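Some notes on the structure that comes next.
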Ligand SMILES: Nc1ncnc2c1ncn2[C@@H]1O[C@H](COP(=O)(O)OP(=O)(O)OP(=O)(O)O)[C@@H](O)[C@H]1O
Ligand SMILES: [Mg+2]
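In the working numbering, the protein residues as written are -17 to 290.
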């Protein structure tokens, strides 16, 4: 399928000389939720700002909906909605006015019914006449989303949409994002809440120091890079591990009461039976065991740490 966004050889060096993006190649599939993860300063906002036409690239090409973002900037931009990381709104305007104004900026005719639905969906309808400066931070963020959606874009960028947003509103936003996706909108979001990516994303890209180090389906990423942990709660605490168990990736924790075995999700199964036999041979008995899969958070931290 034709990607909705296609990025080739993208580079960005700011006037300061700082190289914020290094040869980025990325295709975004129509209708997916793509989460861009990366530590502070990795280049996420720079990448989004370039696609949205707010920052000029140093090299490379980008097409959005088949339109080159530089040569056909207006066409490309009309397909895109952006909720920026920094909240910037006209403090003195009313919610209603500012959202309608955003729509008008793209040359669309007024559509009060559409804007009303948008504000209702974002629980802003009651606040339609309020000046933006009188709203709470979470409401202001929703106004930014309403503004971004006012011209009915096909591609929505959300740069840290839930930073500083309470749990309930975060859930509401996730639901809204899913509904948008179901209505055919492609969503690209950045987040520092890894559980958000884990919950929402179809695919994940990890960016580190301006390089896209991993792009993969979320489930594949968790399968490939994830580790499982097996915790054995021992009958008798061990002072230390017997030497000939050193070949296993075992760790003694909890004052010798717990033995932790971590392993690659891909390789295992066979190994475990063997481990149990080895433990048995040493008379190491356990009263309880549990296993867990490493979270996306752990995977992410390992990826980034490994490259620090
Ligand atoms: N206008 C600018 N001029 C010079 N350097 C900039 C500019 N904007 C960003 N940078 C630098 O480019 C790098 C990437 O910044 P960017 O804002 O894209 O990171 P980010 O991944 O969005 O980080 P965060 O998670 O903190 O939002 C940083 O080192 C930043 O200091
Ligand atoms: Mg940013």
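Don't be surprised by glycine CBs; every beta carbon is placed ideally from N, CA and C.
This one's a predicted model, so the numbers in the text were calculated from it and none came from an experiment.
Quick check: the Cα distance between residue i and residue j, rounded to an integer number of angstroms?
i           : j           : result
residue 10  : residue 242 : 39 angstroms
residue 90  : residue 132 : 9 angstroms
residue 137 : residue 62  : 5 angstroms
residue 50  : residue 58  : 7 angstroms
residue 77  : residue 170 : 25 angstroms
residue -6  : residue 1   : 6 angstroms
residue 253 : residue 123 : 50 angstroms
residue 115 : residue 285 : 41 angstroms
residue 83  : residue 93  : 11 angstroms
residue 257 : residue 239 : 17 angstroms
residue 101 : residue 75  : 15 angstroms
residue -9  : residue 23  : 20 angstroms
residue 120 : residue 18  : 22 angstroms
residue 274 : residue 237 : 21 angstroms
residue -15 : residue 135 : 16 angstroms
What first and last residue would you give for the alpha helix (DSSP H) that runs through residue i?
i           : result
residue 56  : 55 to 60
residue 79  : 77 to 87
residue 97  : 94 to 103
residue 253 : 252 to 263
So residue i is in the beta strand (DSSP E); what residue range does that whole segment cover?
i           : result
residue 233 : 232 to 235
residue -6  : -13 to -5
residue 2   : 1 to 10
Report the three-state DSSP secondary structure of residue i (helix, strand or coil).
i           : result
residue 211 : strand
residue 37  : coil
residue 297 : Within the shown structure, residues of the chain are numbered from -17 to 290, placing residue 297 beyond reach of any answer.
residue 30  : helix
Ignoring anything shorter than 4 residues, give me the alpha helix (DSSP H) runs that lie fully in the segment 127 to 207, in order along the chain.
149 to 164, 176 to 182, 200 to 207
With three or more beta-carbon pairs closer than 8 angstroms as the criterion, would you say the segment 230 to 237 touches the segment 174 to 190?
no
Within 8 angstroms, do at least three Cβ pairs link the segment 198 to 205 to the segment 218 to 230?
no
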